[in-house]
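First comes the structure, then the notes that go with it.
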Amino acid sequence: MMIASFILFLAASTVDLDIVAVPLTNDIKILLTPAGRSELKRDGNVSQVKIEIDRIAAPKSLAPAFNTYVVWAVSPEGIFDNLGELQINGNKGQFTATTRFGQFGILISAEPHYLVDRPSSAVAYRGQTPKTDVRRKMVSVEVGSYDYSSLAAPSSIGLQGWIVQARAAFQIARNAAADRLAPEEFRNAQVAIGSLEELIMRAAPADILWPTANEVIGWSQRATVAARARSKN
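Listed below in structure tokens is the structure:
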């Protein structure tokens, strides 16, 4: 069912999404299509988001280049807030985070790494509000701004997921010509990926590998964003 939903969105440039106003006095429950649930609650100047999904498929089942799921809060104006990476335990997905938005919709997409700034066209789940007294409206938002079709799927056998994400993030930066358009950011990403690969060769423990992989992802994403911006000038 989820695969079919993905295929429908793969070629689409927009997704219809329910935007809800989170009340100040009580929490609300949101359904996630095709199969999931979310609880939203206002807490001062932020909104708390809790998500639970049963029987979730691996991101790579949607496309080989996808390594994780990212949860987005989407404002009525179509602004995307990357809330973070959906945690998968077995075949269950869980997530908790906050967003500055008081009115927003929930969208979950499969991505090559968790720091992307726009959702791919691989929309796996989206919020749909039950027909209650909750204030809501439907908006159309653009997805799939970036083309990952040329992204090679690296071997992930025996590797932690964030190592695979780091390699994908660096490849995206390289494909965006960041070495030419954002040389400083790309150089930092290149140093970080070199350190990561050396640590992998030395069989370094996870608590050493993770910070370096995170550094690769961060610098690669900065390089990618800078390169894309400068390519338009």
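For the sequence shown, my numbering assigns the number 1255 to the initial residue and increments by one for each residue that follows. Where is the CB? At the ideal position from N, CA and C, for every residue including glycine. Keep in mind it's a predicted model, so treat the numbers as computed, not measured.
Beta-carbon gap between residue i and residue j smaller than 8 Å
| i | j | result |
| --- | --- | --- |
| Val1370 | Phe1349 | no |
| Phe1277 | Arg1291 | According to the sequence as given, residue 1277 is Pro; it is not Phe. Cβ atoms of Pro1277 and Arg1291: not closer than 8 Å. |
| Thr1478 | Ala1420 | no |
| Tyr1402 | Ser1363 | no |
| Ser1394 | Val1269 | yes |
| Ile1284 | Ile1360 | yes |
Sequence-distant residues of its chain with Cβ nearer than 8 Å to residue i (five each side left out)
| i | result |
| --- | --- |
| Ala1422 | Ala1319, Asn1321, Pro1366, His1367, Leu1405 and Pro1408 |
| Gln1414 | Ala1460, Leu1463, Trp1464 and Ala1467 |
| Ser1329 | Ile1273, Asp1335, Phe1355, Gln1357 and Phe1358 |
Cutoff 7 Å; reference residue i; Cβ partners in own chain excluding five residues on either side
| i | result |
| --- | --- |
| Thr1353 | Val1300, Ser1301, Val1303, Ala1327, Asp1335 and Leu1337 |
| Asn1345 | Arg1309 and Ile1310 |
| Phe1440 | Ala1427, Ala1432, Asp1433 and Ala1477 |
| Ile1282 | Val1274, Val1276, Leu1294 and Val1388 |
| Phe1424 | Ala1443, Ile1447, Val1470 and Ser1474 |
| Asn1280 | none |
Buried/exposed call for residue i, threshold 16 Cβ in 10 Å
| i | result |
| --- | --- |
| Ala1443 | buried |
| Gly1298 | exposed |
| Gly1448 | exposed |
| Arg1434 | exposed |
| Glu1331 | exposed |
| Val1457 | Reading off the sequence shown, one finds Ala at residue 1457, where the question assumed Val. Classification of Ala1457: exposed, given that the 10 Å Cβ count is below 16. |
| Ala1436 | buried |
| Ser1267 | exposed |
| Ala1430 | buried |
| Ile1307 | buried |
| Val1445 | exposed |
| Ala1481 | buried |
| Ala1483 | exposed |
6 Å CB neighbourhood of residue i in its chain, flanking five on each side removed
| i | result |
| --- | --- |
| Arg1390 | Asp1272, Val1274 and Thr1383 |
| Thr1287 | Arg1380 and Gln1382 |
| Gly1347 | Ile1307, Ile1310 and Leu1340 |
| Glu1452 | none |
Residue i in three-state terms, based on DSSP
| i | result |
| --- | --- |
| Gly1472 | helix |
| Phe1355 | coil |
| Gly1369 | In the sequence under discussion, the amino acid at residue 1369 is Leu, which differs from the Gly named in the question. Correct three-state label for Leu1369: coil. |
| Ala1420 | helix |
| Val1274 | strand |
| Phe1334 | strand |
| Ser1363 | strand |
| Arg1456 | coil |
| Gly1347 | strand |
| Gly1448 | helix |
| Ala1431 | coil |
| Gln1382 | strand |
| Val1395 | strand |
| Lys1486 | coil |
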